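Q: Pasting a structure below so you can have a look.
2 protein chains.
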Amino acid sequence: MRRDVFQAIADPTRRAIILLIAVQAMTPNAIAEHFDMSRQAVSKHLRILTECELVKQEQSGREIFYQLNGNKMQEIDKWLEQFRKLWEGRFNELDKVLLTIKSKKK
Amino acid sequence: MRRDVFQAIADPTRRAIILLIAVQAMTPNAIAEHFDMSRQAVSKHLRILTECELVKQEQSGREIFYQLNGNKMQEIDKWLEQFRKLWEGRFNELDKVLLTIKSKKK
DNA sequence: AATATAAGCAACTAATTGGTTGCACAAAAT
DNA sequence: ATTTTGTGCAACCAATTAGTTGCTTATATT
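Those protein sequences? They're chains A and B, same order as listed.
Just so we're aligned, residue 1 is where the first sequence starts under the UniProt record's numbering, counting upward by one.
Just so we're aligned, residue 1 is where the second sequence starts under the UniProt record's numbering, counting upward by one.
Here is the structure:
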């Protein structure tokens with residue numbers, strides 16, 4: 001099952017989890033307390049987030065602490081980067097992107 | 001049907017469309033030529049992108065040109081902003097986020 | 001030693017997704 | 001006036017998603 005960062009952040013619950021554990025590593029039970037769904041459902045989301053490496057695990061006894069992987073978040077930022085020129089109105093820079101794409105197509 | 005920017009960019013085909021029309025407004029037919037799927041399938045993606053306002057339409061005769069809405073892309077950037085501190089290693093700034101979240105919880 | 005707790009896994013389900021084909025309609029070309 | 005072209009919409013379908021409950025296993029607690 002190929003996991004994708006963009007697909008991972010598509011779900012609002014997962015985005016909420018990301019925000020939650022960005023601040024501080026948390027166990028599945030602790031995370032589940034913040035949501036109106038079963039612990040297993042949260043666990044499933046954590047699995048998806050882990051699979052695409054947005055989240056790291058650290059075991060401590062029988063507890064597992066989940067923590068955000070900031071580096072992987074940068075991947076989204078990197079994708080956005082190519083459009084940033086758009087809303088900054090620097091269209092000459094955008095032309096470079098255009099050229100890159102065209103050369104790749106051939 | 002509630003459309004969400006994050007859900008919209010989750011699909012790789014839609015991200016490719018976004019990249020394509022970021023450069024230049026295009027008609028559905030022209031876009032479809034770049035993909036190995038029917039024009040109707042592409043049209044469906046365009047509908048989703050339009051519904052969440054990532055894409056704008058402009059009619060010209062019987063042709064409709066689709067164009068990226070840079071402003072809406074900023075919404076993703078805005079969400080990322082709160083995590084940017086993470087990978088920049090500025091954890092004292094992050095603490096502020098923590099306090100904000102905690103105060104909202106109460 | 002017995003019990004309680006934390007977590008993962010599997011099976012099931014309803015809803016959603018991403019594609020298809022077929023059709024309708026308006027605009028352009030013949 | 002007829003045909004071709006560009007587009008959207010609806011019905012259908014297989015695969016995936018996001019939730020559920022029930023079970024197992026490992027670690028703490030009593």
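For each residue, glycine too, the CB sits at the ideal point set by N, CA and C.
Computed from a predicted model, the values in this text were never measured in an experiment.
1. Please name the residue in A/Q74, A/E75, A/Y66, A/K72 whose C-alpha comes closest to that of A/N29.
2. In terms of alpha-carbon separation, which member of B/E75, B/R15, B/S60 lies closest to B/L46?
3. Taking CB distances under 8 Å as the criterion, tell me whether B/D77 reaches chain A.
4. Which residues in chain A have a C-beta closer than 8 Å to the C-beta of B/M26? List them in chain order.
5. For A/N71, decide whether its Cβ has a neighbour in chain B, counting only Cβ atoms nearer than 8 Å.
6. For the stretch 44–64 of chain B against the stretch 37–44 of chain A, are there 3 or more C-beta pairs whose distance is under 8 Å?
7. Along the chain, where does the alpha helix (DSSP H) containing A/L86 start, and where does it finish?
8. Take the Cβ of A/M73 as the centre, count every other Cβ of all protein chains shown within 10 Å, and call the residue buried at 16 or more, exposed below.
9. Closer than 7 Å by beta-carbon distance: list the chain B residues that pair up with A/A10, in chain order.
10. Can you name, in chain order, every residue of its own chain whose Cβ lies under 8 Å from the Cβ of B/E50, other than the five neighbours on each side?
11. Please tell me whether A/C52 and A/D4 are closer than 8 Å, where the distance is taken between their beta carbons.
12. Contact check, A/L80 vs B/I76 under 8 Å by CB: the rounded distance?
13. How many Å lie between A/M37 and B/K85 at the Cα?
14. For A/Q74, go through chain B and note every residue whose CB falls closer than 7 Å to its CB, in chain order.
15. Hey, could you find the ends of the beta strand (DSSP E) B/L58 is sitting in?
16. Give the residues from the stretch 13–42 of chain A that approach chain B closer than 9 Å (Cβ to any Cβ), ordered along the chain.
17. Taking C-beta to C-beta, are B/I9 and B/L20 nearer than 8 Å?
18. CB-CB under 7 Å to B/M26, same chain, minus the five flanking residues each way: which ones, in chain order?
19. Just to make sure I have the definition right: I need the residues of chain B whose C-beta is within less than 9 Å of the C-beta of A/L68. Which are they?
20. In terms of DSSP beta bridges, what is B/E63 paired with?
21. Buried or exposed for A/K106, please, with buried defined as at least 16 other CB atoms from any protein chain shown within 10 angstroms of its CB.
22. List the whole-angstrom C-beta distance separating A/L68 from A/A22, where the pair is believed to meet the contact cut-off of C-beta under 8 Å.
A: Inspection of the coordinates gives the following:
1. The sequence position of residue 29 of chain A within the first sequence is 29, counting from 1. Residue A/Y66 holds the alpha-carbon nearest to the alpha-carbon of A/N29 among A/Q74, A/E75, A/Y66, A/K72.
2. If you number the second sequence from 1, residue 46 of chain B lands on position 46. For the residues B/E75, B/R15, B/S60, the minimum Cα distance to B/L46 belongs to B/R15.
3. Translated into the one-based positions of the second sequence, residue 77 of chain B becomes position 77. Yes - at least one Cβ of chain A is within 8 Å of the one on B/D77.
4. Mapped onto the second sequence, residue 26 of chain B falls at position 26. Neighbours of B/M26 in chain A, taken as residues whose beta carbon is under 8 Å from its own, are absent, since the nearest beta carbon is some 13 Å off.
5. Working through the first sequence from its first residue, we reach residue 71 of chain A at position 71. A/N71 counts as touching chain B.
6. no
7. Walking along the first sequence from the start, residue 86 of chain A turns up at place 86. Residues 70–87.
8. Numbered from its first residue, the first sequence carries residue 73 of chain A at position 73. Label assigned to A/M73: buried.
9. By 1-based counting over the first sequence, the position of residue 10 of chain A is 10. Near A/A10 (Cβ distances below 7 Å), the residues of chain B are F6, Q7, A10.
10. Sequence index remark: in the second sequence, residue 50 of chain B carries index 50 (1-based). Contrary to the premise, residue 50 of chain B reads as Thr rather than Glu in this sequence. K56, Q57, Y66, listed in sequence order.
11. Looking up residue 52 of chain A in the first sequence gives position 52. Looking up residue 4 of chain A in the first sequence gives position 4. Contact flag set, yes.
12. In the first sequence, counting from the first residue as 1, residue 80 of chain A sits at position 80. In the second sequence, counting from the first residue as 1, residue 76 of chain B sits at position 76. A/L80 to B/I76, Cβ: 6 Å. Contact.
13. Stepping through the first sequence from its first residue, residue 37 of chain A is reached at position 37. Stepping through the second sequence from its first residue, residue 85 of chain B is reached at position 85. Straight-line Cα distance between these residues: approximately 30 Å.
14. For the purposes of this step, residue 74 of chain A is taken as residue 74 along the first sequence, with counting starting at 1. The contacting residues are W87.
15. Taking the second sequence and counting its residues from 1, the one referred to as residue 58 of chain B is at position 58. Contrary to the premise, residue 58 of chain B reads as Glu rather than Leu in this sequence. Per DSSP, B/E58 belongs to the beta strand (DSSP E) from 55–60.
16. Within the stretch 13–42 of chain A, R15, I18, L19, L20, A22, V23, Q24, H34 place their CB atoms closer than 9 Å to a CB of chain B, listed in sequence order.
17. Residue mapping note: residue 9 of chain B aligns to position 9 of the second sequence, counting from 1. Residue mapping note: residue 20 of chain B aligns to position 20 of the second sequence, counting from 1. No, the pair does not count as a contact, with Cβ atoms beyond the cut-off.
18. Along the second sequence, read from residue 1 onward, the residue named residue 26 of chain B stands at position 26. Excluding sequence neighbours, B/M26 sits near L20, F65, Y66.
19. Here the question's residue 68 of chain A lines up with position 68 in the first sequence. Those are F83, L86, listed as they occur along chain B.
20. Here the question's residue 63 of chain B lines up with position 63 in the second sequence. Its beta-bridge partners are B/S60.
21. As a working note, residue 106 of chain A is residue 106 in the first sequence. Caution is warranted here: a pLDDT of 37 is assigned to A/K106, below 50, making its placement in the model unreliable, and no coordinate value can be reported.
22. Residue 68 of chain A sits at position 68 when you count from the first residue of the first sequence. Residue 22 of chain A sits at position 22 when you count from the first residue of the first sequence. Between A/A22 and A/L68 the Cβ distance is about 4 Å, and since that is below 8 Å, they are a contact.
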